[in-house]
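Trainee: Just so you know, this note's numbering puts 165 at position 161 of the sequence shown, and the rest follows in order with no gaps.
Just so you know, even glycine gets a beta-carbon here, dropped at the ideal spot from N, CA and C.
All figures in this text were calculated on a predicted structure; none of them were measured in a lab.
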Amino acid sequence: MAPHETGSIVGRPVTDFIPHRPPFLFVTRVVEHEGDRLVAEWDVPTDLPAFEGHFPGEPVLPGVLISEFCFQAGAVLIYATSQEDKEAEGVPVLTRIEDARFRKIVRPGETLRAEVQLTERLSNARYVTAKVTSAGQNVVRLKCVLAVAPPPAAEPAEGNA
5 MAPHETGSIV
15 GRPVTDFIPH
25 RPPFLFVTRV
35 VEHEGDRLVA
45 EWDVPTDLPA
55 FEGHFPGEPV
65 LPGVLISEFC
75 FQAGAVLIYA
85 TSQEDKEAEG
95 VPVLTRIEDA
105 RFRKIVRPGE
115 TLRAEVQLTE
125 RLSNARYVTA
135 KVTSAGQNVV
145 RLKCVLAVAP
155 PPAAEPAEGN
165 A
């Protein structure tokens with residue numbers, strides 16, 4: 005699917021694709037999507053609660069939140085590339101992180117840009133690479149595996165158990 009074509013996920017609310025919600029939604033928008041590649045952005049809020057303790061007077065975005073931004077962008081990509089794939093029904097969950105290399109400190113108010121690439125599909129596992137930049141500077145590169153967990157079984161209606 006080319007960027008901006010009919011049916012594109014570019015410009016649509018991220019909550020249309022993944023179950024994450026504030027305060028744990030870190031993808032602000034999808035800016036590009038073509039095939040197995042997606043680019044997403046996160047406008048890091050200046051009032052993010054994590055900054056209160058990490059670190060008072062010297063706020064630094066925790067690497068775990070930058071990583072989660074990558075995983076969420078990967079989840080959006082999985083949705084976008086798997087709409088007809090029955091093995092991709094459910095919620096993408098993190099199963100492995102490989103080779104994460106952090107290069108730059110991120111401060112409140114920065115916009116992070118993640119380029120994620122789906123590199124392999126194996127059963128319900130999706131192998132993803134991610135590169136995050138801020139103002140053109142490298143922030144992190146990582147590889148991860150997201151497995152698509154099946155949706156929970158429907159609860160039987162009361163009286164039908």
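Helix, strand or coil for Asp40? Go by DSSP, reduced to three states.
Mentor: As a first step, residue 40 is located in the sequence shown; it is residue number 36 there, counting from the start. It is coil, neither helix nor strand.
Trainee: Quick one: grab the DSSP three-state call for Thr50.
Mentor: Residue numbering aside, residue 50 sits at position 46 when the sequence shown is read from its first letter. Coil, per DSSP.
Trainee: Would you mind reading off the limits of the beta strand (DSSP E) that contains Leu126?
Mentor: Indexing the sequence shown from 1 puts residue 126 at position 122. Under the DSSP assignment, Leu126 falls in the beta strand (DSSP E) whose first and last residues are Thr115 to Leu126.
Trainee: Which two residues bound the contiguous alpha helix (DSSP H) that contains Ile101?
Mentor: As a working note, residue 101 is residue 97 in the sequence shown. First-last for Ile101: Val95 to Phe106, but that is the beta strand (DSSP E), not the alpha helix (DSSP H).
Trainee: Name the two residues that bound the continuous beta strand (DSSP E) containing Val31.
Mentor: The residue you call residue 31 lines up with position 27 of the sequence shown. Neither: Val31 is in no beta strand (DSSP E) and is coded neither H nor E.
Trainee: Is the separation between the beta-carbon of Val18 and that of Glu36 shorter than 8 angstroms?
Mentor: Here residue 18 refers to the residue found at position 14 when the sequence shown is read from its first residue. Here residue 36 refers to the residue found at position 32 when the sequence shown is read from its first residue. The answer is no: Cβ separation not under 8 angstroms.
Trainee: Can you check whether the CB of Phe75 is closer than 8 angstroms to the CB of Trp46?
Mentor: For the purposes of this step, residue 46 is identified with residue 42 of the sequence shown, where counting begins at 1. For the purposes of this step, residue 75 is identified with residue 71 of the sequence shown, where counting begins at 1. No; because the gap between Cβ atoms is not below 8 angstroms, this pair is not in contact.
Trainee: With Ala79 as the anchor, note down where its alpha helix (DSSP H) starts and where it stops.
Mentor: Translated into positions along the sequence shown, residue 79 becomes position 75. Its alpha helix (DSSP H) spans residues Gly67 to Thr85.
Trainee: What are the residues that DSSP puts in a beta bridge with Val132?
Mentor: Numbered from 1 along the sequence shown, position 128 holds the residue referred to as residue 132. Paired residue(s): Leu122 and Cys148.
Trainee: So the candidates are Phe28, Thr99 and Glu38; which of them puts its Cα closest to the Cα of Ala168?
Mentor: As displayed, the chain neither begins before 5 nor continues past 165, which places residue 168 out of reach and without an answer.
Trainee: Would you be able to state if there are at least three C-beta pairs under 8 angstroms between the stretch 128 to 141 and the stretch 104 to 120?
Mentor: These segments touch.
Trainee: For Pro7, I'd like the list of residues in its chain whose CB is within less than 7 angstroms of its CB, leaving aside the five on either flank, ordered along the chain.
Mentor: Looking up residue 7 in the sequence shown gives position 3. Reliability of the predicted coordinates at Pro7 is poor, the pLDDT of 39 falling under 50, and no value is obtained from them.
Trainee: Using the Cα positions of Leu65 and Arg105, report the straight-line distance between them to the nearest angstrom.
Mentor: Along the sequence shown, one-based indexing puts residue 65 at 61. Along the sequence shown, one-based indexing puts residue 105 at 101. Near 15 angstroms, if we compare the C-alpha coordinates of Arg105 and Leu65.
Trainee: Report back the beta-carbon spacing between Glu150 and Gly78 to the nearest angstrom; my notes put them in contact at under 8 angstroms.
Mentor: Along the sequence shown, one-based indexing puts residue 150 at 146. Along the sequence shown, one-based indexing puts residue 78 at 74. The displayed chain sequence assigns Leu, not Glu, to residue 150. Separation of the CB atoms of Leu150 and Gly78 is rounded to 5 angstroms, and the pair is thereby assigned contact status at 8 angstroms.
Trainee: So which of Ile82, Pro63, Glu102 and Ser127 has the shortest CA-CA distance to Val144?
Mentor: For the purposes of this step, residue 144 is identified with residue 140 of the sequence shown, where counting begins at 1. Looking at the Cα atoms, Glu102 is the closest of the given residues.
Trainee: Check this for me: beta carbons of Arg107 and Cys148, under 8 angstroms apart or not?
Mentor: Locating residue 107 in the sequence shown gives position 103, counting from the first residue. Locating residue 148 in the sequence shown gives position 144, counting from the first residue. In this structure, Arg107 lies away from Cys148, with their beta-carbon atoms at least 8 angstroms apart.
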